[in-house]
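S.K.: Chains as they are written, first to last, in this note's numbering: chain A, 5 to 116; chain B, 246 to 358. Every residue gets a Cβ at the ideal spot worked out from N, C-alpha and C, and that includes glycine. Predicted model, so just to flag it, every value in this text is computed and none were measured. What follows is a single structure, and I will ask about it in a moment.
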């Protein structure tokens, strides 16, 4: 299967920006996703980006996609303590609508 | 619109037993996917059902099986439980269209003793 890699931990101070990075291997992926998981909960879709886009902004969230380097990032502006969670990036197989490959997740810790 | 629901939320079983987990998708969604989440392996795709048929399958042994009913509700069964099956089992539903995405339930936490 495809490999999706993320760093395991990120710690920031409240009010700062957080940048969570992800690399993937399937160059034919059509969509790339960011999910958030809070303790004891399932995954919540945050945002997604189509592979022909370079950037997508949604309120405090900015997704950047570098297709050449197969690098995806999620920037959270003005990070709040409520943003503390595990963030997963995921890629979807090109010809397989519902086969997703997830990274290992990045645990974001926001210090007050 | 109600979200994806999973029952039970928590389950404790012993080795060798079998277990059945249930997932009710968002109304109108016909695709249900199952994932296993463990600290060591992360999120791994188990299988996907659409219109009562298994459409995709991950790399899991035959002890893991599933089915989908005509109302799109899905069940997942694990037979002859092993300690390593302890995990959070997540279900996700979608419309299964090109511009679609998946919505996850809260999961069932299975502990095998």
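1) Do residue 266 of chain B and residue 281 of chain B have their beta-carbon atoms positioned less than 7 angstroms apart in this structure?
2) Could you confirm whether any beta carbon from chain A is found closer than 7 angstroms to the beta carbon of residue 284 of chain B?
3) Leaving out five residues on either side along the sequence, give the residues of the same chain with a beta carbon under 8 angstroms from the beta carbon of residue 247 of chain B.
4) Count the other C-beta atoms from every protein chain shown that fall within 10 angstroms of the C-beta of residue 352 of chain B, then say buried if there are 16 or more, exposed otherwise.
5) Using beta carbons (cut-off 7 angstroms, strictly below), is residue 349 of chain B in contact with chain A?
6) If you compare alpha carbons, which of A/39, A/109, A/69, A/102 is closest to residue 56 of chain A?
7) When you compare only the Cα positions, how much space is there between residue 103 of chain A and residue 301 of chain B?
8) Which value, in whole angstroms, describes the spacing of the CA atoms of residue 287 of chain B and residue 43 of chain A?
9) Would a check of beta-carbon distances place residue 288 of chain B closer than 7 angstroms to chain A?
10) What does DSSP give as the partner residues of residue 337 of chain B in its beta bridges?
11) Mind checking which residues open and close the beta strand (DSSP E) that includes residue 17 of chain A?
12) Kindly provide the ranges of any beta strand (DSSP E) runs that are 3 or more residues long and lie completely inside the stretch 14 to 59 of chain A, ordered along the chain.
13) Can you tell me which of B/347, B/339, B/341, B/328 puts its alpha carbon nearest to the alpha carbon of residue 261 of chain B?
14) List the residues that DSSP assigns as beta-bridge partners of residue 311 of chain B.
M.R.: Per the coordinate set shown:
1) As a position in the second chain, residue 281 of chain B is number 36, starting the count at 1. As a position in the second chain, residue 266 of chain B is number 21, starting the count at 1. For residue 281 of chain B and residue 266 of chain B, no; Cβs fall outside 7 angstroms.
2) Start at 1 with the first residue of the second chain, and residue 284 of chain B comes out as number 39. It does not; no Cβ of chain A falls within 7 angstroms.
3) Here the question's residue 247 of chain B lines up with position 2 in the second chain. Non-local beta-carbon contacts of residue 247 of chain B in its own chain, meaning distances under 8 angstroms to residues more than five positions away in sequence, involve 271, 272 in chain order.
4) Stepping through the second chain from its first residue, residue 352 of chain B is reached at position 107. Under a 10 Å Cβ-count criterion, residue 352 of chain B is classified as buried, with 16 or more other Cβ atoms of the shown protein chains found around its own Cβ.
5) As a working mapping, residue 349 of chain B is identified with position 104 in the second chain. Yes, contact with chain A.
6) Mapped onto the first chain, residue 56 of chain A falls at position 52. Taking only the C-alpha atoms, the option nearest residue 56 of chain A is A/69.
7) Residue 103 of chain A sits at position 99 when you count from the first residue of the first chain. Residue 301 of chain B sits at position 56 when you count from the first residue of the second chain. Each residue's CA atom was taken as its position, placing residue 103 of chain A and residue 301 of chain B some 7 angstroms apart.
8) Within the second chain, numbered from 1, the residue matching residue 287 of chain B stands at position 42. Within the first chain, numbered from 1, the residue matching residue 43 of chain A stands at position 39. Looking at the two C-alpha atoms, the distance is approximately 15 angstroms.
9) One-based indexing of the second chain puts residue 288 of chain B at position 43. With respect to chain A, the C-beta atom of residue 288 of chain B has a partner C-beta closer than 7 angstroms.
10) Here residue 337 of chain B corresponds to residue number 92 of the second chain, with the count starting at 1. Its beta-bridge partners are B/278, B/349.
11) Looking up residue 17 of chain A in the first chain gives position 13. That run of the beta strand (DSSP E) goes 13 to 17.
12) Counting only unbroken stretches of 3 or more residues, the beta strand (DSSP E) elements lying wholly within the stretch 14 to 59 of chain A are 22 to 28, 35 to 41, 47 to 54, in sequence order.
13) Within the second chain, numbered from 1, the residue matching residue 261 of chain B stands at position 16. Out of B/347, B/339, B/341, B/328, B/328 has the C-alpha closest to the C-alpha of residue 261 of chain B.
14) Numbered from its first residue, the second chain carries residue 311 of chain B at position 66. Under DSSP, residue 311 of chain B takes part in a beta bridge, and its partners are B/321.
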